[in-house]
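These notes are about the structure you will find just below.
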Amino acid sequence: ELMDLEFVQFHPTVLYHPENKSFLISEAVRGEGALLRNKYGKRFMPEYHELCELAPRDVVSRAIFQEMKKTDSTNVYLDITFKDREYLEHRFPNIFKTCLSYGIDISKDYIPVAPAEHYCMGGIKTDVFGRTKIKGFYACGEAACNGIHGANRLASNSMLEGLVFGRKIGDEVTKILRENKGRRSTFKVSYKTGRVRKNLDIGRIRADIQKTMTEKVGIIRNREGLLEAKRKIDYYIGLLSDMKNETMEEFEIQNMALLSKLVIESALEREESRGAHYRSDFDKRDDINWKRHIIKSLEVNNA
């Protein structure tokens, strides 16, 4: 069982640099007073929320996304140039050093940033001991979901989650092993036979799925876009359905398509906006009808 798949969190400020690897520009930079500016140099957050740059992640991400769309740009800018170089080198050593290696001196230059997918609140449904519906199978961390993050995880809580529930699972499994010492597992996995080798461009399919999910199932969603994404993903699931799983790449692309489908279905089903899930056609929170979880399961026979 998978739960809360529609809640996908975007980090508002990831370095945007087409020629270099992206990385997170910590929210602590905004905490130090950094301002968000559009491509014209205009500060825009006061137009979107009373807390301006210190608004919650989902609010800032949506504001940046809308500003980029409004100004037809690929990114916005984070401005902390009012702090001196020595202070920034000491306060943000890694950010300062990495940006400088990209030719950006953050004491003088604006930092180009854009939102990027960061964390999934949803995952494998577990109880508070990390147990899943499958006996003997445990999950914790970002792969798991027991509801503790709600619809919008707070910064750094995932590390605490891993520590707490990792320990709980360890204690639980140790106890079970002691009680069942000497017993052998009879668990068996069988695979579909008769699959065929297909000459598919998996790299192209992966890129198209990523593009579709970003554009139609990203920061701002609506029914029309979600249905368009569903049609595209259903096509790929059909195309990949009888492909041989002989490589990691083949396993991953099938799992990617299936998980994308389940995220889309959950986002379509939740006709409200809550936390990281924002529907422009249902832009209000609805506690009467939607203060509940959406759980997806897949019955697989001989797979």
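Mapping to this note's numbering: the sequence shown position 212 is 214, numbers consecutive. Note that CB positions come from ideal geometry on N, CA and C, so glycine has one too.
**OP:** Kindly list the residues whose CB is nearer than 7 Å to the CB of residue 234, restricted to its own chain and excluding five residues on each side of it in sequence; keep chain order.
**Re:** The residue you call residue 234 lines up with position 232 of the sequence shown. Counting only Cβ-Cβ distances below 7 Å, and skipping sequence neighbours, we find 214.
Subject >> C-alpha distance - residue 159 paired with residue 151, whole-angstrom precision >> reply: Translated into the one-based positions of the sequence shown, residue 159 becomes position 157. Translated into the one-based positions of the sequence shown, residue 151 becomes position 149. If you take the alpha carbons of residue 159 and residue 151, they lie about 8 Å apart.
Subject >> Cβ-Cβ distance between residue 142 and residue 5 below 7 Å >> reply: By one-based count along the sequence shown, residue 142 stands at place 140. By one-based count along the sequence shown, residue 5 stands at place 3. No.
**OP:** Since I believe residue 114 is in contact with residue 66 (beta carbons under 8 Å), could you give me their beta-carbon distance rounded to a whole number of angstroms?
**Re:** On the sequence shown, position 64 is the one that residue 66 refers to. On the sequence shown, position 112 is the one that residue 114 refers to. Not a contact, Cβ separation roughly 12 Å.
Original post:
Is the stretch 32-42 in contact with the stretch 286-296, if contact means three or more CB pairs nearer than 8 Å?
Top reply: Put simply, the stretch 32-42 does not touch the stretch 286-296. Fewer than three CB pairs are less than 8 Å apart.
Original post:
Nearest CA to the CA of residue 129: which residue from 139, 121, 122?
Top reply: As a first step, residue 129 is located in the sequence shown; it is residue number 127 there, counting from the start. The shortest C-alpha separation from residue 129 is found at 139.
Original post:
Using the C-alpha atoms, what's the distance from residue 153 back to residue 145?
Top reply: Indexing the sequence shown from 1 puts residue 145 at position 143. Indexing the sequence shown from 1 puts residue 153 at position 151. Spanning the two alpha carbons is a distance of roughly 15 Å.
Original post:
Per DSSP, what kind of secondary structure is residue 142 in: helix, strand or coil?
Top reply: Counting from 1 along the sequence shown, the entry for residue 142 is found at position 140. It is coil, neither helix nor strand.
**OP:** Look up residue 122 in the DSSP assignment and give the residues it is bridged to.
**Re:** Counting from 1 along the sequence shown, the entry for residue 122 is found at position 120. Answer is 10, bridged to residue 122.
Original post:
How would you call residue 81, buried or exposed, if buried means at least 16 neighbouring beta carbons within 10 angstroms?
Top reply: The count along the sequence shown starts at 1 and reaches residue 81 at position 79. Sixteen is the threshold: when 16 or more other Cβ atoms of the shown chains lie within 10 Å of the Cβ of residue 81, as they do, the residue is buried.
Original post:
Quick check: the stretch 252-264 against the stretch 273-290, are there 3 or more CB pairs under 8 Å?
Top reply: no
Original post:
When you compare only the Cα positions, how much space is there between residue 41 and residue 103?
Top reply: The count along the sequence shown starts at 1 and reaches residue 41 at position 39. The count along the sequence shown starts at 1 and reaches residue 103 at position 101. Rounded to the nearest angstrom, the two C-alpha atoms are 23 Å apart.
Original post:
Helix, strand or coil: which one does DSSP assign to residue 131?
Top reply: Against the sequence shown, residue 131 aligns to sequence position 129. Residue state, collapsed to three classes: coil.
Original post:
Which of helix, strand or coil does DSSP assign to residue 175?
Top reply: Indexing the sequence shown from 1 puts residue 175 at position 173. In the structure shown, residue 175 sits in a helix (DSSP, three-state: H, G or I).
Original post:
Taking the DSSP output, what are the residues bridged to residue 147?
Top reply: Along the sequence shown, one-based indexing puts residue 147 at 145. According to DSSP, which records beta bridges pairwise, residue 147 is partnered with 127.
**OP:** Report the option in 238, 232, 178 whose CA atom is closest to the CA atom of residue 205.
**Re:** As a position in the sequence shown, residue 205 is number 203, starting the count at 1. That would be 238, whose Cα lies nearest to the Cα of residue 205.
Original post:
Nearest CA to the CA of residue 89: which residue from 74, 108, 100, 77?
Top reply: Counted from its first residue, the sequence shown places residue 89 at position 87. The candidate whose alpha carbon is nearest that of residue 89 is 108.
Original post:
When the Cα atoms are used, what is the spatial distance from residue 220 to residue 127?
Top reply: Within the sequence shown, the letter at position 218 stands for residue 220. Within the sequence shown, the letter at position 125 stands for residue 127. Distance between the alpha carbons of residue 220 and residue 127: 23 Å.
**OP:** Can you say whether residue 250 is buried or exposed, counting buried as having 16 or more other CB atoms within 10 angstroms of its CB?
**Re:** The residue you call residue 250 lines up with position 248 of the sequence shown. With fewer than 16 Cβ atoms within 10 Å of its Cβ, residue 250 is classed as exposed.
Original post:
Taking C-alpha atoms, which residue in 98, 168, 28 lies nearest to residue 111?
Top reply: The sequence position of residue 111 within the sequence shown is 109, counting from 1. Closest option to residue 111, Cα to Cα, is 98.
**OP:** Can you tell me which of the three DSSP states residue 279 falls into?
**Re:** Here residue 279 is taken as the residue at index 277 of the sequence shown, counted from 1. In the structure shown, residue 279 sits in a strand (DSSP, three-state: E or B).
Original post:
In terms of alpha-carbon separation, which member of 247, 246, 262 lies closest to residue 218?
Top reply: Taking the sequence shown and counting its residues from 1, one reaches residue 218 at position 216. Out of 247, 246, 262, 262 has the C-alpha closest to the C-alpha of residue 218.
**OP:** Determine the contact status of residue 300 and residue 269, defining contact as a CB-CB distance below 7 Å.
**Re:** Mapped onto the sequence shown, residue 300 falls at position 298. Mapped onto the sequence shown, residue 269 falls at position 267. The answer is no: Cβ separation not under 7 Å.
**OP:** Report yes if the C-beta distance between residue 124 and residue 46 is below 7 Å; otherwise report no.
**Re:** One-based indexing of the sequence shown puts residue 124 at position 122. One-based indexing of the sequence shown puts residue 46 at position 44. Not a contact, by the Cβ cut-off of 7 Å.
Original post:
How big is the Cα-Cα spacing for residue 266 and residue 155?
Top reply: Taking the sequence shown and counting its residues from 1, one reaches residue 266 at position 264. Taking the sequence shown and counting its residues from 1, one reaches residue 155 at position 153. Distance between the alpha carbons of residue 266 and residue 155 is about 20 Å.
Original post:
In three-state DSSP terms, what is residue 219?
Top reply: If you number the sequence shown from 1, residue 219 lands on position 217. In the three-state reduction of the DSSP assignment, residue 219 falls in the coil class, being assigned neither a helical nor a strand state.
**OP:** Verify the CB distance criterion: does residue 147 have a CB-CB separation below 7 Å to chain D?
**Re:** Of the protein chains in the structure, only one exists, and it is not chain D.
Subject >> residue 285 versus residue 164 - alpha carbon distance >> reply: Position 283 of the sequence shown, counted from the start, is the residue given in the question as residue 285. Position 162 of the sequence shown, counted from the start, is the residue given in the question as residue 164. So the alpha carbons of these two residues sit roughly 32 Å apart.
**OP:** Output the distance between the C-alpha atoms of residue 93 and residue 38, rounded to the nearest integer angstrom.
**Re:** On the sequence shown, position 91 is the one that residue 93 refers to. On the sequence shown, position 36 is the one that residue 38 refers to. In a straight line, the C-alpha of residue 93 is about 19 Å away from that of residue 38.
Subject >> Environment of residue 53 [buried if 16+ CB atoms lie within 10 Å] >> reply: Taking the sequence shown and counting its residues from 1, one reaches residue 53 at position 51. Burial call: exposed.
Original post:
Just to confirm, are residue 167 and residue 132 a CB contact at a threshold of 7 Å?
Top reply: Taking the first residue of the sequence shown as 1, we reach residue 167 at position 165. Taking the first residue of the sequence shown as 1, we reach residue 132 at position 130. In terms of Cβ geometry, residue 167 and residue 132 form a close pair [threshold 7 Å].
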